[in-house]
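Engineer: Anchor point for the sequence shown: position 188 equals 192 in our numbering, and the numbering is continuous, going up by one each time.
Before we start, here is the structure in question, set down as structure tokens.
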Amino acid sequence: MKEIVVQKFGGTSLADTDKIKKVADAVIKEKELGNDVVVAVSAMGHTTDYLVKLAKEINPNPSAREMDMLLSTGEGVSIALLTMAIQAKGYNAVSLNAMQIGIITEDVHQKARIIDIKTDKLKKNIKAENIIVVAGFQGITEDGEITTLGRGGSDTSAVALAAALKASRCDIYTDVEGVYTTDPRIVPNASKLENISYEEMLELARVGANVLHPRSVETAKQFNVPLRVRSTFNLDNLGTLIIGAKNMEIYKPVTGVAADLSQVRIVICDVPDVPGNAARLFGALAKENISVDMIIQSYARTVSNTNDIAFTIDKADVVRARSVLDKIKTDLSAKSIQVDENIAKISIVGAGMVDRPGIAATMFETIADLGVNIKMISTSEIKISCIVDKEDASRSLKILHEVFDLGSDEIADVKGDLPEL
Ligand code: ADP
Ligand code: ASP
Ligand code: MG
């Protein structure tokens, strides 16, 4: 029996019609290897950002349902155009959106999780020898409501399709040659990794290495999907393989570093130190489906018996979070609420830091030597994150990359826009 291969092409690979024709070549190359090919695509170039901008011009706080109606249209354009490009080269292809297939998600707008993918239509088309081009990022609820998976979510669509179809692999094609020790746009001598474990990749993706959507790594790990990140523009390079486990002995304590500029810090000041306040606060945020990342509660002050609770959330949730907090401020008897948008989270990730004391101290010393103040710290077994001021992000990231010896002699081949850092 033939193997099924799922390929995913991001917006950067589909920015204009010439690039779409190049993507068609990459798809056909895979088909010519004798595989059945299912392709998941994202919206062209910066289409999704443009649609978000249009919405904000009309309504500063648009409803999540209408945002999904709007944002899901971007991928519809790419599937039709890529299918036409493949057909123009003489191959059978068909485009399908998530509603036609039945990519069923939970009933949540803007960050829905996939519950199930119906495979009947996909299998029928595979049998008919059609290359299938699927709209990533979008889904449909059991009730027929259109949803999206969250920004960058078409990686997750691709991996979920690979899992549902028991594909032999899922290749994520993008505008860099693989996963690097950090974003090669920020640190040009970042080293390309031959392979990386699911666990490390998941942490890196969660802390800002947006080359992969975190949930795509989670899904690949859960369903054992072999996952590769590789370049659309250099098909001979096999990129980076995300695998179950790396070498038995890990020599470098840190595998990668990342910066995340998408968070804001909220501090609830002078909350009475009584049972139930943290539960009330985070319960109210959870009810609005607002995910909280770092949480720090200060030691209670002896005289006032109050403490401060600081946490970070995604920038996109800040308007809704403010309205939740305004409502429960009196309930919590909190004195004031501060929102700090000028922050960046800098993280180091590595399975090699387990049982190696001193890695955290080296990170803090390195940042301190720059004269940069650390506002919050959080750790997991294989990750340490520090919140710093946004303007200190770039130099903190660069020096940590150097101190943990992650650089290479080569300069990464990157084209296009530089990130915000
Ligand atoms: P796509 O449109 O293909 O989904 P993305 O912009 O979402 O592309 O992801 C690719 C980008 O991820 C790269 O251009 C690079 O700037 C950025 N990136 C951030 N961290 C890393 C990393 N550790 N390795 C590789 N790329 C990274
Ligand atoms: N087009 C969507 C976005 O820009 C999904 C994706 O790119 O993966 O977030
Ligand atoms: Mg992406």
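In this text, a Cβ means the ideal position worked out from N, Cα and C, and glycines have one as well.
What number of angstroms, rounded off, separates the C-alpha of Ile121 from the C-alpha of Lys128?
Structural biologist: 14 Å
Engineer: What are the boundary residues of the beta strand (DSSP E) that Gln142 is part of?
Structural biologist: Gln142 to Ile144
Engineer: Looking at the unbroken beta strand (DSSP E) that takes in Ile246, where does it start and where does it end?
Structural biologist: Thr244 to Ile247
Engineer: Can Gly280 be considered in contact with the ligand MG, in the sense that its beta carbon sits closer than 6 Å to one or more heavy atoms?
Structural biologist: no
Engineer: Can we count Gly14 as close to the ligand MG, meaning its CB is less than 6 Å from some heavy atom?
Structural biologist: yes
Engineer: I need the DSSP call for Phe237, collapsed to helix, strand or coil.
Structural biologist: Coil, per DSSP.
Engineer: Using a Cβ-Cβ cutoff of less than 7 Å, which residues in the same chain neighbour Asn96 once the five nearest sequence positions on both sides are dropped?
Structural biologist: Glu133, Asn134 and Ile135
Engineer: Give me the Cα-Cα distance between Lys115 and Thr152, rounded to the nearest whole angstrom.
Structural biologist: The C-alpha of Lys115 lies about 6 Å from the C-alpha of Thr152.
Engineer: Which term fits Ile200, buried or exposed, when burial requires 16 or more other beta carbons within 10 angstroms of its beta carbon?
Structural biologist: buried
Engineer: Would you mind giving the Cβ-Cβ distance between Asp312 and Ile272, rounded to the nearest angstrom? I have them listed as a contact below 8 Å.
Structural biologist: 7 Å
Engineer: Go ahead and pull the three-state DSSP assignment for Gly15.
Structural biologist: helix
Engineer: Tell me, please, which residues DSSP counts as bridged to Arg173.
Structural biologist: Val9
Engineer: Alpha carbons only, please: which of Gly148, Lys93, Val268 and Val31 is nearest the one belonging to Ala348?
Structural biologist: Answer by Cα proximity: Val268.
Engineer: Return the residue from the list Ala304, Thr186, Ala249 and Asp318 that minimises the CA-CA distance to Thr259.
Structural biologist: Thr186
Engineer: Can at least three beta-carbon pairs, one atom from the region 33-43 and one from the region 6-15, be found at a separation below 8 Å?
Structural biologist: yes
Engineer: Starting from Leu100, follow the beta strand (DSSP E) in both directions and report where the run begins and ends.
Structural biologist: For Leu100, the uninterrupted beta strand (DSSP E) segment begins and ends at Ala97 to Leu100.
Engineer: State the DSSP-derived secondary structure class of Val27, mapped to helix, strand or coil.
Structural biologist: Correct three-state label for Val27: helix.
Engineer: Would the beta-carbon of Asn199 be found less than 6 Å away from any heavy atom of the ligand ADP?
Structural biologist: no
Engineer: Does Lys387 pass the burial test, meaning 16 or more other C-beta atoms within 10 Å, or should it be called exposed?
Structural biologist: Buried, by the Cβ-count rule.
Engineer: For the region 321-329 against the region 300-307, are there 3 or more C-beta pairs whose distance is under 8 Å?
Structural biologist: no
Engineer: Relative to the C-alpha of Ile391, which residue among Val211, Ile341, Gly182 and Lys170 is closest?
Structural biologist: Val211
Engineer: Does any heavy atom of the ligand ASP sit closer than 6 Å to the C-beta of Ala397?
Structural biologist: Outside the cutoff, so no.
Engineer: Consult DSSP for Arg69 and reduce its assignment to one of helix, strand or coil.
Structural biologist: helix
Engineer: Could you have a look at Asp53 and say whether DSSP puts it in helix, strand or coil?
Structural biologist: helix
Engineer: Identify every run of the alpha helix (DSSP H) within the region 88-165, keeping only runs that are complete inside it and at least 4 residues long; order them along the chain.
Structural biologist: Entirely contained in the region 88-165, the alpha helix (DSSP H) runs reaching 4 residues are, in chain order, 102-105 and 124-131.
Engineer: May I ask you to check if the CB of Thr178 is nearer than 6 Å to at least one heavy atom of the ligand ASP?
Structural biologist: Remark: the shortest separation between the CB of Thr178 and any heavy atom of the ligand ASP does not fall under 6 Å.
Engineer: Who are the Cβ neighbours of Ile403 in its own chain at under 6 Å, not counting the five residues just before and after it?
Structural biologist: Excluding sequence neighbours, Ile403 sits near Thr370.
Engineer: Considering only the beta carbon of each residue, do Ala139 and Gly80 sit closer than 7 Å?
Structural biologist: yes
Engineer: If we ignore side chains and look at the alpha-carbon of each, how far apart do Asp277 and Ile332 end up?
Structural biologist: 16 Å
Engineer: Output the residue ranges of the alpha helix (DSSP H) runs that lie fully inside the region 393-418 and measure 4 residues or longer, sorted by chain position.
Structural biologist: 397-407
Engineer: Which residues in the same chain have their Cβ closer than 7 Å to the Cβ of Ala288, if we skip the five residues on either side of it in sequence?
Structural biologist: Val328 and Ile332
Engineer: So is Ile62 buried or exposed if we call it buried at 16+ other beta carbons inside 10 Å?
Structural biologist: exposed
Engineer: Using only alpha-carbon positions, find the residue among Ala164, Leu206, Ile118 and Met357 that is nearest to Ile247.
Structural biologist: Leu206
Engineer: Using 8 Å for Cβ pairs, my map puts Thr236 next to Val27. What's the rounded Cβ distance?
Structural biologist: 6 Å
Engineer: So does Gly156 have its beta carbon nearer than 6 Å to some heavy atom of the ligand ASP?
Structural biologist: yes
Engineer: Could you tell me whether any non-hydrogen atom of the ligand ASP is closer than 6 Å to the CB of Thr223?
Structural biologist: no
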